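Each protein sequence line maps, in turn, to chains A and B.
Residue numbering for the first sequence follows our numbering, beginning at 1 and increasing consecutively.
Residue numbering for the second sequence follows our numbering, beginning at 1 and increasing consecutively.
Glycine is no exception: its CB is placed at the ideal position from the N, C-alpha and C atoms.
Keep in mind the model is a prediction, meaning the values are calculated, not measured.
Worksheet: one structure, shown below.
Protein chains: 2
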Amino acid sequence: MVSIMTTTSPQGRTELLRPDGSPVRVLVVDDELSITELLSMALRYEGWQIRSAGDGQGAVQAAREFRPDAVVLDMMLPDMDGLAVLGRLRRELPDVPVLFLTAKDAVEDRIAGLTAGGDDYVTKPFSLEEVVARLRGLIRRSGAADRRSDSMLVVGDLTLDEDSHEVTRAGESIHLTATEFELLRFLMRNPRRVLSKAQILDRVWSYDFGGQANVVELYISYLRRKIDAGREPMIHTRRGAGYLIKPAAS
Amino acid sequence: MVSIMTTTSPQGRTELLRPDGSPVRVLVVDDELSITELLSMALRYEGWQIRSAGDGQGAVQAAREFRPDAVVLDMMLPDMDGLAVLGRLRRELPDVPVLFLTAKDAVEDRIAGLTAGGDDYVTKPFSLEEVVARLRGLIRRSGAADRRSDSMLVVGDLTLDEDSHEVTRAGESIHLTATEFELLRFLMRNPRRVLSKAQILDRVWSYDFGGQANVVELYISYLRRKIDAGREPMIHTRRGAGYLIKPAAS
DNA sequence: CGACAACCTGTGATTTCCCTGAGAAACACA
DNA sequence: TGTGTTTCTCAGGGAAATCACAGGTTGTCG
Numbered sequence: 001m002v003s004i005m006t007t008t009s010p011q012g013r014t015e016l017l018r019p020d021g022s023p024v025r026v027l028v029v030d031d032e033l034s035i036t037e038l039l040s041m042a043l044r045y046e047g048w049q050i051r052s053a054g055d056g057q058g059a060v061q062a063a064r065e066f067r068p069d070a071v072v073l074d075m076m077l078p079d080m081d082g083l084a085v086l087g088r089l090r091r092e093l094p095d096v097p098v099l100f101l102t103a104k105d106a107v108e109d110r111i112a113g114l115t116a117g118g119d120d121y122v123t124k125p126f127s128l129e130e131v132v133a134r135l136r137g138l139i140r141r142s143g144a145a146d147r148r149s150d151s152m153l154v155v156g157d158l159t160l161d162e163d164s165h166e167v168t169r170a171g172e173s174i175h176l177t178a179t180e181f182e183l184l185r186f187l188m189r190n191p192r193r194v195l196s197k198a199q200i201l202d203r204v205w206s207y208d209f210g211g212q213a214n215v216v217e218l219y220i221s222y223l224r225r226k227i228d229a230g231r232e233p234m235i236h237t238r239r240g241a242g243y244l245i246k247p248a249a250s
Numbered sequence: 001m002v003s004i005m006t007t008t009s010p011q012g013r014t015e016l017l018r019p020d021g022s023p024v025r026v027l028v029v030d031d032e033l034s035i036t037e038l039l040s041m042a043l044r045y046e047g048w049q050i051r052s053a054g055d056g057q058g059a060v061q062a063a064r065e066f067r068p069d070a071v072v073l074d075m076m077l078p079d080m081d082g083l084a085v086l087g088r089l090r091r092e093l094p095d096v097p098v099l100f101l102t103a104k105d106a107v108e109d110r111i112a113g114l115t116a117g118g119d120d121y122v123t124k125p126f127s128l129e130e131v132v133a134r135l136r137g138l139i140r141r142s143g144a145a146d147r148r149s150d151s152m153l154v155v156g157d158l159t160l161d162e163d164s165h166e167v168t169r170a171g172e173s174i175h176l177t178a179t180e181f182e183l184l185r186f187l188m189r190n191p192r193r194v195l196s197k198a199q200i201l202d203r204v205w206s207y208d209f210g211g212q213a214n215v216v217e218l219y220i221s222y223l224r225r226k227i228d229a230g231r232e233p234m235i236h237t238r239r240g241a242g243y244l245i246k247p248a249a250s
């Protein structure tokens with residue numbers, strides 16, 4: 001088992017690294033090219049090293065050569081059943097966590113036992129933030145002995161706990177809806193960085209979202225009402241560019 | 001006989017360890033690959049070290065080399081009768097407890113005799129929580145005189161005894177059905193953590209459950225009626241995410 | 001200073017998710 | 001075999017969340 005460390009970059013962004021300082025490796029397995037590319041891009045942006053495969057055969061081979069620290073696996077592959085692929089992967093990589101991608105309506109069906117090993121899953125269509133968050137969780141937890149429960153995002157006096165989904169400002173607990181929570185998580189994972197509406201839409205909403213772009217404005221408005229209400233504002237608009245979050249003091 | 005210690009990790013999760021600090025070892029014997037893999041995953045996640053075998057021959061050999069602290073043994077093996085395997089295993093590992101896996105309709109009286117010696121059994125199809133709980137019990141008890149009552153889960157004023165299956169809230173005893181008990185145990189083993197309905201279904205219901213996912217909602221509803229009735233609620237819904245349990249105060 | 005674009009937010013329709021009562025089916029036990 | 005218990009399905013009600021729309025506000029630039 002490979003232990004995983006975390007470091008914090010100047011931007012305050014926490015990165016996962018292997019003990020030798022090399023980037024974390026993730027294998028993405030899906031037969032739809034658009035999905036693997038979408039994921040590869042998003043995950044590379046996290047600073048991770050990505051390899052992708054389009055079928056079970058390729059997945060097993062890539063696992064052998066690439067030795068990833070985590071695997072993203074679509075359960076619907078052309079050449080073999082998802083469970084079969086899983087079995088083969090496990091033989092190559094006994095302790096590597098797997099994030100499953102499943103169709104929404106398959107959930108009730110046959111997720112049986114999938115999350116048993118501390119694995120996790122997301123349903124299609126997913127949002128990239130969701131996938132990244134889950135993967136980070138899996139990798140952190142597989143990092144073994146170093147099981148620090150570092151699932152806490154902190155910006156100024158604002159905290160967000162990814163395990164309990166709890167959010168507080170100045171110690172005061174704040175209730176957020178699912179979408180509000182994901183939006184805030186994205187902002188807090190990129191403090192002091194301007195995020196465009198398009199970026200936000202891409203990452204926080206699921207990839208097949210077809211609605212109006214101004215949902216972002218709407219949800220920013222919701223967040224402000226809950227987080228900045230009466231206080232020194234932390235969420236700022238950069239007109240023509242996007243939004244950013246930063247500690248109130250400064 | 002090897003004595004077993006327990007430590008508590010940062011997450012508050014209790015782990016079983018051997019006196020030298022190395023992880024507990026469990027040997028899993030079943031001819032169905034899907035079962036051994038399912039179990040291996042789940043047990044590894046408990047922080048245990050797992051070895052698996054697909055038949056009696058392999059089991060005996062693995063026992064000799066691997067020196068496990070406990071064995072999970074399917075009573076239906078291809079090459080030899082379960083009892084024969086058991087006999088051979090006992091010769092290798094006289095004091096190691098065994099958890100039997102049996103078909104539901106198997107002759108119960110034979111099993112009854114077997115478990116007299118402090119062993120235990122579960123019927124297929126089992127739930128992972130069930131197997132983990134039984135194994136923990138066996139290992140703890142084989143770990144000798146030092147029976148520290150570590151079989152107690154406590155969250156706020158709610159207590160759950162994994163040995164006696166007794167549950168109390170604010171000192172008041174509460175009767176739960178088997179399924180309610182397992183659900184509550186799973187929640188209490190992960191306090192302050194949001195657990196999705198799929199995760200819950202995965203661990204608490206048996207691996208071949210094919211029903212509606214809303215049984216989870218139903219049983220949460222039952223639990224609330226018994227545990228939160230009239231009191232400050234401890235079971236909380238995170239709409240769109242899952243459920244979590246936490247002490248009432250907070 | 002005026003005009004335009006970008007942004008904010010109230011309102012309400014729609015959808016999604018959750019809760020729970022009623023009863024059928026499976027089971028446990030005498 | 002009968003009775004009480006437990007598990008689970010189904011379906012209706014209700015609450016919450018999501019989102020479109022549109023009118024108001026603020027900022028920017030000529």
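Within 8 Å, strictly: CB atoms of residue 235 of chain B and residue 228 of chain B:
The sequence position of residue 235 of chain B within the second sequence is 235, counting from 1. The sequence position of residue 228 of chain B within the second sequence is 228, counting from 1. Against a cut-off of 8 Å, the Cβ pair of residue 228 of chain B and residue 235 of chain B comes out as a contact.
Checking the sheet assignment: what are the DSSP bridge partners for residue 172 of chain A?
Mapped onto the first sequence, residue 172 of chain A falls at position 172. For residue 172 of chain A, which the question treats as bridged, DSSP gives the partners A:169.
The segment 165-181 of chain A: which residues have C-beta closer than 9 Å to a C-beta of chain B, in chain order?
Listed in chain order, the positions of the segment 165-181 of chain A with a beta carbon within less than 9 Å of a beta carbon of chain B are 165, 166, 173, 177, 178, 179 and 181.
Quick one: residues in its chain with C-beta nearer than 8 Å to the C-beta of residue 137 of chain A, no 5 flanking neighbours on either side, listed in chain order?
By one-based count along the first sequence, residue 137 of chain A stands at place 137. Exclusion of the five residues before and after residue 137 of chain A leaves 120, 151 and 162 as the residues of its chain whose Cβ lies within less than 8 Å of its Cβ.
Please confirm whether residue 241 of chain A has its beta-carbon closer than 8 Å to some beta-carbon of chain B.
Here residue 241 of chain A corresponds to residue number 241 of the first sequence, with the count starting at 1. By this cut-off, residue 241 of chain A is not an interface position.
Which residues, in order along the segment 44-67 of chain A, keep a beta-carbon less than 9 Å from a beta-carbon of chain B?
Residues passing the 9 Å Cβ filter: none.
Taking only the alpha-carbon atoms, compute the straight-line gap between residue 91 of chain A and residue 135 of chain A and give it to the nearest angstrom.
For this step, residue 91 of chain A is matched to residue 91 along the first sequence. For this step, residue 135 of chain A is matched to residue 135 along the first sequence. Those two C-alpha atoms are separated by around 21 Å.
Using a Cβ-Cβ cut-off of 8 Å, state whether residue 160 of chain A counts as contacting chain B.
For the purposes of this step, residue 160 of chain A is taken as the residue at position 160 of the first sequence. No - not a single Cβ of chain B is within 8 Å of the one on residue 160 of chain A.
Candidates B:165, B:80 and B:240, of which the one nearest residue 178 of chain A by Cα
Numbered from 1 along the first sequence, position 178 holds the residue referred to as residue 178 of chain A. Of the candidates B:165, B:80 and B:240, the residue whose Cα lies closest to the Cα of residue 178 of chain A is B:240.
Could you name the residues of the same chain whose beta carbon sits closer than 8 Å to that of residue 201 of chain A, not counting the 5 residues immediately before and after it, in chain order?
The residue labelled residue 201 of chain A in the question sits at position 201 within the first sequence. Result list for residue 201 of chain A: 209, 213, 215 and 216, in chain order.
Work out the CA separation of residue 86 of chain B and residue 188 of chain B for me, nearest whole Å.
Residue mapping note: residue 188 of chain B aligns to position 188 of the second sequence, counting from 1. Residue mapping note: residue 86 of chain B aligns to position 86 of the second sequence, counting from 1. Taking the straight line from one Cα to the other gives about 34 Å.
For a quick check, are the C-beta atoms of residue 60 of chain B and residue 89 of chain B less than 8 Å apart?
Walking along the second sequence from the start, residue 60 of chain B turns up at place 60. Walking along the second sequence from the start, residue 89 of chain B turns up at place 89. Going by C-beta atoms, residue 60 of chain B is nearer than 8 Å to residue 89 of chain B.
Beta-carbon gap between residue 27 of chain A and residue 84 of chain A smaller than 8 Å:
Locating residue 27 of chain A in the first sequence gives position 27, counting from the first residue. Locating residue 84 of chain A in the first sequence gives position 84, counting from the first residue. Taking 8 Å as the cut-off, the Cβ atoms of residue 27 of chain A and residue 84 of chain A do not count as close.
Quick one: grab the DSSP three-state call for residue 122 of chain B.
If you number the second sequence from 1, residue 122 of chain B lands on position 122. Correct three-state label for residue 122 of chain B: strand.
Against chain B: residues of the segment 80-92 of chain A by CB proximity under 9 Å
Here the close residues are 83, 86, 87 and 90.
Let me know the secondary structure DSSP gives residue 93 of chain A once reduced to three states.
Translated into positions along the first sequence, residue 93 of chain A becomes position 93. Secondary structure at residue 93 of chain A: coil, using DSSP grouped into helix, strand and coil.
When you compare only the Cα positions, how much space is there between residue 165 of chain A and residue 175 of chain A?
Indexing the first sequence from 1 puts residue 165 of chain A at position 165. Indexing the first sequence from 1 puts residue 175 of chain A at position 175. If I take the Cα positions, the gap works out to 9 Å.
Bridge partners for residue 49 of chain B per DSSP, in chain order?
On the second sequence, position 49 is the one that residue 49 of chain B refers to. Answer is B:25, bridged to residue 49 of chain B.
Mind checking who residue 245 of chain A pairs with in its DSSP beta bridge?
Locating residue 245 of chain A in the first sequence gives position 245, counting from the first residue. Paired residue(s): A:235.
According to DSSP, residues forming a beta bridge with residue 83 of chain B
Stepping through the second sequence from its first residue, residue 83 of chain B is reached at position 83. Residue pairing of residue 83 of chain B in beta bridges, as defined by DSSP: absent, with no partner found.
Would a check of beta-carbon distances place residue 114 of chain A closer than 8 Å to chain B?
Taking the first sequence and counting its residues from 1, the one referred to as residue 114 of chain A is at position 114. Closer than 8 Å: yes.
Let's see if you can read the secondary structure: which residues bound the beta strand (DSSP E) around residue 194 of chain A?
On the first sequence, residue 194 of chain A is found 194 positions in, with the first residue counted as 1. Where residue 194 of chain A is concerned, there is no enclosing beta strand (DSSP E), given that its DSSP letter is neither H nor E.
Expressed to the nearest angstrom, what Euclidean distance is found between the alpha-carbon atoms of residue 95 of chain A and residue 230 of chain B?
Sequence index remark: in the first sequence, residue 95 of chain A carries index 95 (1-based). Sequence index remark: in the second sequence, residue 230 of chain B carries index 230 (1-based). C-alpha separation (whole angstroms): 45 Å.
Interface positions of the segment 219-235 of chain A facing chain B (Cβ-Cβ less than 9 Å), listed along the chain
Flagged: no residues at all.
Is residue 187 of chain A helix, strand or coil when you go by DSSP?
Residue 187 of chain A sits at position 187 when you count from the first residue of the first sequence. In the displayed model, residue 187 of chain A falls within a helix according to three-state DSSP.
Figure out for me which residue from A:193, A:172 and A:114 has the closest Cα to the Cα of residue 34 of chain B.
By 1-based counting over the second sequence, the position of residue 34 of chain B is 34. Measuring C-alpha to C-alpha distances from residue 34 of chain B to each of A:193, A:172 and A:114 identifies A:114 as the nearest.
DSSP puts residue 158 of chain B in a beta bridge; with which residues?
The sequence position of residue 158 of chain B within the second sequence is 158, counting from 1. DSSP lists B:155 and B:169 as the beta-bridge partner residues of residue 158 of chain B.
Output the boundary residues of the alpha helix (DSSP H) element that contains residue 218 of chain A.
The residue given as residue 218 of chain A occupies position 218 in the first sequence. Counting along the chain, the alpha helix (DSSP H) containing residue 218 of chain A begins and ends at 215-223.
How about residue 183 of chain B and residue 204 of chain B: are their beta carbons less than 8 Å apart?
Your numbering for residue 183 of chain B matches position 183 in the second sequence. Your numbering for residue 204 of chain B matches position 204 in the second sequence. Cβ atoms of residue 183 of chain B and residue 204 of chain B: closer than 8 Å.
Beta carbon proximity, residue 194 of chain B to chain A, threshold 8 Å:
Numbered from 1 along the second sequence, position 194 holds the residue referred to as residue 194 of chain B. At least one CB of chain A lies nearer than 8 Å to the CB of residue 194 of chain B.
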